[in-house]
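Under our numbering, the residues of the sequence shown are numbered 105 to 366, in order.
First the structure, in the form of structure tokens, and then the observations on it.
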Amino acid sequence: MKQKFFFICLLFIFLSCCKSNENNQEPFYFQTGSELFRVRATQGERLFGYWDRFDHIVIRFKYNEARQFSEGLAAVSKKGKWGFINPKDSIVIPLQYDWASSFGEMGFNGLALVKVGNDMNRIWYHSGGKTGLIDPEGKEVCPMKYIEIYFASNGLARVNDGTEIIPEGNGQWSYNGKYGFINSEGEEIISCQYDYANPFYSGLAIVTVKKKSGIIDCKGKIVIPFEYDSIKGPGLQSKEESYRLFKHGQEFLFDGKNITRI
């Protein structure tokens, strides 16, 4: 009896493997808590579709790019244009954007970042064009008036109100606008007034005005005045543990409360 049961189990596993190979599908992205999962065909044009938790194809392979479902919608792309579909594969928000994130991605509460007129030869958040935030109904919560909206950190996202990318040589570039910050709901909290701004980290951000650097808090209050030639500090991509301030060849240390000369 045990031997018979063992062979039945082997047969079941074999048939399951055959079914998987026959479908020529592979999981491309998986996220728990969702009813549908993005998959990509392994042959042909390698288009994207969606299957359910039982490996049944619910939305056939027809999208050039696709993201996981969030807030009941998934960002999909055809012929370079992005929009959003529901689990029944009905287009809820037209395919009219040149780039789109998932809803709730990048630190924004239930909102999706969208771009139009961007240069896709660049990284999306440095690609130019106009950028804004929409809700699941397609309403512009944050108007398409920024050339850049960066990841939200500490509840705030760096933005730039410029219109052009300015090449500066050696792979460097800048925008022709000013930097400010919006919150995770898309509201402009700190107006675009800085020549450059770092993302917030631990409630503080390094900003620059007229080639002089300072530090502000999440309300835009000046913590360190704009009188330093440069400031290096902790951040998502920095190994610094404290803020190092440089002025007239001298170096100072800011621990978040006091400034001391080194």
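For each residue, glycine too, the CB sits at the ideal point set by N, CA and C.
Shorter than 6 Å, the distance from the beta carbon of residue i to the closest heavy atom of the ligand ADP, or not?
i, result
"residue 162", "Here there are no bound small molecules, and the ligand ADP is not part of this structure."
Where residue i and residue j are concerned, what is the direct C-alpha to C-alpha distance, given to the nearest angstrom?
i, j, result
"residue 195", "residue 289", "24 Å"
"residue 316", "residue 182", "45 Å"
"residue 260", "residue 314", "23 Å"
"residue 345", "residue 308", "13 Å"
"residue 358", "residue 251", "32 Å"
"residue 131", "residue 327", "Residue placement at residue 131 cannot be trusted, given a pLDDT of 38 that sits under 50; what the coordinates show is reported in the next sentence. Residue 131 and residue 327: Cα-Cα distance of roughly 48 Å."
"residue 159", "residue 284", "45 Å"
"residue 299", "residue 269", "14 Å"
"residue 146", "residue 153", "12 Å"
"residue 352", "residue 318", "15 Å"
"residue 151", "residue 242", "25 Å"
"residue 263", "residue 231", "13 Å"
"residue 349", "residue 281", "25 Å"
"residue 244", "residue 291", "11 Å"
"residue 249", "residue 361", "36 Å"
"residue 265", "residue 149", "38 Å"
"residue 234", "residue 296", "15 Å"
Quick check on residue i: does DSSP put it in helix, strand or coil?
i, result
"residue 241", "coil"
"residue 318", "strand"
"residue 331", "strand"
"residue 355", "strand"
"residue 275", "coil"
"residue 211", "helix"
"residue 142", "strand"
"residue 338", "coil"
"residue 158", "coil"
"residue 312", "strand"
"residue 172", "coil"
"residue 292", "strand"
"residue 297", "strand"
"residue 306", "coil"
"residue 236", "strand"
For the beta strand (DSSP E) containing residue i, name the first residue and the last one.
i, result
"residue 52", "No statement about residue 52 is possible, as the shown extent of the chain runs from 105 to 366 and does not include it."
"residue 177", "Note, residue 177: premise wrong, no beta strand (DSSP E); not H, not E."
"residue 151", "Careful: residue 151 lies outside any beta strand (DSSP E) and carries neither H nor E."
"residue 264", "260-264"
"residue 200", "195-201"
Taking buried to mean at least 16 other C-beta atoms within 10 Å of its own C-beta, is residue i buried or exposed?
i, result
"residue 236", "buried"
"residue 334", "exposed"
"residue 171", "buried"
"residue 365", "exposed"
"residue 363", "exposed"
"residue 342", "exposed"
"residue 205", "buried"
"residue 203", "buried"
"residue 277", "exposed"
Assess, as a yes-or-no matter, whether the stretch 295-310 is touched by the stretch 247-265 under the definition of 3 or more beta carbon pairs within less than 8 Å.
-> yes
Could you tell me whether the stretch 202-222 touches the stretch 263-277, using the rule of 3 or more Cβ pairs below 8 Å?
-> no
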